[in-house]
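S.K.: If you read the sequences in order, they're chains A and B.
Position in the first sequence counted from 1, then plus 18, gives you the numbering used here.
Position in the second sequence counted from 1, then plus 18, gives you the numbering used here.
From the three backbone atoms N, C-alpha and C, an ideal C-beta is built for every residue, glycine too.
First the structure, then my questions, so here it is.
There are 2 protein chains.
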Amino acid sequence: MQLEKEIVQSKFKNAWQKAVVNIIFTSSWLNSQHSAMLKEFGLSLQQFNILRILRGQHPNPATVRLLTERMLDKMSNASRLVEKLRQKGLVDRDICPSDRRQVHVRITAKGLDLLRRIDAKMDIVEQNFKSITESEAAELNRILDKLRG
Amino acid sequence: MQLEKEIVQSKFKNAWQKAVVNIIFTSSWLNSQHSAMLKEFGLSLQQFNILRILRGQHPNPATVRLLTERMLDKMSNASRLVEKLRQKGLVDRDICPSDRRQVHVRITAKGLDLLRRIDAKMDIVEQNFKSITESEAAELNRILDKLRG
DNA sequence: AGTACATGTATGTTAAAACATTAATTGTAC
DNA sequence: GTACAATTAATGTTTTAACATACATGTACT
């Protein structure tokens, strides 16, 4: 997949501009691979992210606020996503007794089990990314971190 | 903006996994900066992309098919986006006489003028990305291209 | 206690994306 | 020339995002 051929304009003004388009394009490429895999399990990427955050907290609960903060895409839809997951039996929701504004969300055994099955497939998808070496991946991380300042 | 603090899980399994999340996160960060800037001009990111493609073709027209192929996000909404732009007077639409299935889309003088004004602001936004050097940008491009194979 | 203000979550509305289907036109085989 | 496949756009439907607002609860202060 050659960037210049696929995209927008035939020439970039400079390396920075190309990098911007390259990052966006690559992100879209990664997203579509992950989304396609998750679709087999009936999850959207964002639902999957929430489940992973909850697994990270397990056995402690997370509040909706915590979920919102940790989502990649800033958004106000965590409530609705949690409700979707609850309908599938993948999370539990309880009003926090000590602060009745908060809602405690926990991943269920069924949710944990689903994540385990997804992990296996995820490893396969991530093999695709090993066309770069570990030190290239590390360099990529360093540059991206620096880019964001 | 430190990735580990902001995102998902406190630890990554390896450099590749971190790179995947890093790319998606950075892309979202870039998108939001561009979108915010374009909002001042009443354009979405995708509408802007279409205008840029049309400017690249100008004074020749592009078909809807060409636009769809060149969009970063694969999608079937090019027709609707073109209609939105047409309502704003930024593009013209004509049925191609030699093949009446095709639609020829051209950027108008008003569209070109808008793009020129956006270019100036875009340069300012892109100053933000110069926290990495030109050779780092080039290295980033090399690694991303290699990643996608 | 009472008021003002902040916080956490849910909901309503609008806009956009994803996906499938339809409709019109053209090309091809016979 | 007719039947049928292929191409190109547009449209319908469902899902998801973005943004604003409402509502309940909690906190601070008098």
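Does isoleucine 161/B come within less than 8 Å of chain A when only Cβ atoms are used?
M.R.: Here residue 161/B is taken as the residue at index 143 of the second sequence, counted from 1. Closer than 8 Å: yes.
S.K.: Which one of His52/B, Arg160/B, Gln64/B, Gly129/B has the shortest CA to CA distance from aspartate 91/B?
M.R.: Counted from its first residue, the second sequence places residue 91/B at position 73. Answer by Cα proximity: Gln64/B.
S.K.: So if I threshold CB-CB distances at 9 Å, which residues from the stretch 125-138 of chain A count as touching chain B?
M.R.: none
S.K.: Name the chain A residues that come within less than 8 Å of asparagine 78/B, Cβ to Cβ?
M.R.: Position 60 of the second sequence, counted from the start, is the residue given in the question as residue 78/B. Correct list: empty, because the minimum Cβ distance to chain A is about 14 Å.
S.K.: Indicate the three-state DSSP secondary structure (helix, strand or coil) for histidine 8/B in the structure shown.
M.R.: Outside the shown range of chain B (19 to 167) lies residue 8/B, about which nothing can therefore be said.
S.K.: Express the C-alpha separation of leucine 69/B and proline 79/B in angstroms, rounding to a whole number.
M.R.: Start at 1 with the first residue of the second sequence, and residue 79/B comes out as number 61. Start at 1 with the first residue of the second sequence, and residue 69/B comes out as number 51. Computed Cα separation, rounded: 12 Å.
S.K.: What do you reckon, are the CB atoms on histidine 76/A and isoleucine 125/A nearer than 8 Å?
M.R.: The count along the first sequence starts at 1 and reaches residue 76/A at position 58. The count along the first sequence starts at 1 and reaches residue 125/A at position 107. Against a cut-off of 8 Å, the Cβ pair of isoleucine 125/A and histidine 76/A comes out as a contact.
S.K.: Interface residues of chain A around valine 123/B at Cβ under 9 Å?
M.R.: Here residue 123/B refers to the residue found at position 105 when the second sequence is read from its first residue. For valine 123/B, there are no neighbours in chain A by C-beta distance under 9 Å, as the nearest C-beta there is about 15 Å away.
S.K.: Assuming leucine 130/A and arginine 73/A make a contact with CB atoms under 8 Å, what is their CB distance in whole Å?
M.R.: Locating residue 130/A in the first sequence gives position 112, where the first residue counts as 1. Locating residue 73/A in the first sequence gives position 55, where the first residue counts as 1. Correct: roughly 7 Å between the Cβ atoms.
S.K.: Using the Cα positions of glutamate 152/B and glutamate 157/A, report the straight-line distance between them to the nearest angstrom.
M.R.: Start at 1 with the first residue of the second sequence, and residue 152/B comes out as number 134. Start at 1 with the first residue of the first sequence, and residue 157/A comes out as number 139. Near 15 Å, if we compare the C-alpha coordinates of glutamate 157/A and glutamate 152/B.
S.K.: If we define contact as Cβ-Cβ less than 8 Å, is phenylalanine 59/A a contact residue for chain B?
M.R.: Here the question's residue 59/A lines up with position 41 in the first sequence. Chain B contact via Cβ: absent.
S.K.: Given a threshold of 16 other Cβ atoms within 10 Å of its Cβ, counted over all protein chains shown, does arginine 83/B qualify as buried or as exposed?
M.R.: By 1-based counting over the second sequence, the position of residue 83/B is 65. Exposed: under 16 other Cβ atoms inside 10 Å.
S.K.: Got a sec? Which residues, its chain only, sit under 7 Å from serine 97/B by beta carbon, not counting five neighbours each side?
M.R.: Within the second sequence, residue 97/B is the residue found at index 79, counting from 1. Excluding sequence neighbours, serine 97/B sits near Val82.
S.K.: Does the beta-carbon distance from serine 62/A to isoleucine 41/B come in below 8 Å?
M.R.: In the first sequence, residue 62/A corresponds to position 44, counting from 1. In the second sequence, residue 41/B corresponds to position 23, counting from 1. Cβ atoms of serine 62/A and isoleucine 41/B: not closer than 8 Å.
S.K.: Are alanine 155/B and alanine 127/A close, meaning C-beta to C-beta below 8 Å?
M.R.: Mapped onto the second sequence, residue 155/B falls at position 137. Mapped onto the first sequence, residue 127/A falls at position 109. Contact flag unset, no.
S.K.: Would alanine 33/B be called buried (16 or more neighbouring beta carbons within 10 Å of its own) or exposed?
M.R.: As a first step, residue 33/B is located in the second sequence; it is residue number 15 there, counting from the start. Alanine 33/B counts as buried, since no fewer than 16 other beta carbons sit within 10 angstroms of its beta carbon.
S.K.: So alanine 54/B contacts chain A; which residues on that side make the cut at Cβ distance below 7 Å?
M.R.: As a position in the second sequence, residue 54/B is number 36, starting the count at 1. What alanine 54/B touches in chain A: nothing, since even the nearest Cβ is about 12 Å away.
S.K.: So phenylalanine 147/B contacts chain A; which residues on that side make the cut at Cβ distance below 9 Å?
M.R.: By one-based count along the second sequence, residue 147/B stands at place 129. Per Cβ cutoff of 9 Å: Trp34, Gln35, Ala37, Val38, Leu165.
S.K.: So which of Ile150/A, Pro115/A, Asn67/A has the shortest CA-CA distance to isoleucine 136/A?
M.R.: The count along the first sequence starts at 1 and reaches residue 136/A at position 118. Measuring from the Cα of isoleucine 136/A, the nearest candidate turns out to be Asn67/A.
S.K.: Roughly how many whole angstroms lie between the Cα atoms of cysteine 114/B and glutamine 120/B?
M.R.: Mapped onto the second sequence, residue 114/B falls at position 96. Mapped onto the second sequence, residue 120/B falls at position 102. Whole-angstrom Cα-Cα distance: 6 Å.
S.K.: When the Cα of lysine 57/B is compared with those of Arg160/B, Leu132/B, Asn146/B, Ile150/B, which residue comes out closest?
M.R.: Translated into the one-based positions of the second sequence, residue 57/B becomes position 39. Nearest of Arg160/B, Leu132/B, Asn146/B, Ile150/B to lysine 57/B, Cα basis: Leu132/B.
S.K.: How should isoleucine 142/A be labelled, buried or exposed, when 16 other C-beta atoms within 10 angstroms of its C-beta is the threshold for buried?
M.R.: Here residue 142/A corresponds to residue number 124 of the first sequence, with the count starting at 1. With fewer than 16 Cβ atoms within 10 Å of its Cβ, isoleucine 142/A is classed as exposed.
S.K.: For isoleucine 142/B, decide whether its Cβ has a neighbour in chain A, counting only Cβ atoms nearer than 8 Å.
M.R.: By one-based count along the second sequence, residue 142/B stands at place 124. Not an interface residue.
S.K.: If we count the other Cβ atoms within 10 Å of its Cβ and call it buried at 16 or more, is phenylalanine 43/A buried or exposed?
M.R.: Reading the first sequence from its first residue, position 25 is the one you call residue 43/A. Buried.
S.K.: Using C-beta distances below 8 Å, list every residue in its chain close to isoleucine 103/A, excluding the 5 sequence neighbours before and after it, in chain order.
M.R.: Residue numbering aside, residue 103/A sits at position 85 when the first sequence is read from its first letter. Inspection of the sequence shows that residue 103/A is occupied by leucine rather than by isoleucine. Cβ neighbours of leucine 103/A beyond the five flanking positions: Gln65, Ile68, Leu69, Val109, Gly129.
S.K.: Can you give me the C-alpha to C-alpha distance between methionine 19/B and leucine 162/A, rounded to a whole angstrom?
M.R.: Looking up residue 19/B in the second sequence gives position 1. Looking up residue 162/A in the first sequence gives position 144. With a pLDDT of 42 at methionine 19/B, under the threshold of 50, the modelled position of this residue cannot be trusted; read the value that follows with caution. Roughly 11 Å between the two C-alpha positions.
S.K.: Rounded to whole angstroms, what's the CA-CA distance from arginine 118/A to glutamine 105/A? Just pull it up for me.
M.R.: The sequence position of residue 118/A within the first sequence is 100, counting from 1. The sequence position of residue 105/A within the first sequence is 87, counting from 1. Those two C-alpha atoms are separated by around 22 Å.
S.K.: Nearest-angstrom Cα distance between methionine 89/A and arginine 166/B?
M.R.: For the purposes of this step, residue 89/A is taken as residue 71 along the first sequence, with counting starting at 1. For the purposes of this step, residue 166/B is taken as residue 148 along the second sequence, with counting starting at 1. Whole-angstrom Cα-Cα distance: 25 Å.
S.K.: Would you mind sorting asparagine 159/B into buried or exposed? The rule is 16 or more other CB atoms within 10 Å of its CB.
M.R.: Position 141 of the second sequence, counted from the start, is the residue given in the question as residue 159/B. Counting Cβ neighbours within 10 Å, asparagine 159/B comes out buried, since at least 16 surround it.
S.K.: Within the same chain, show all residues whose beta-carbon is closer than 7 Å to that of isoleucine 71/B, passing over the 5 residues directly before and after it, in chain order.
M.R.: Here the question's residue 71/B lines up with position 53 in the second sequence. Closer than 7 Å at Cβ, skipping near neighbours: Ala80, Leu85, Arg88.
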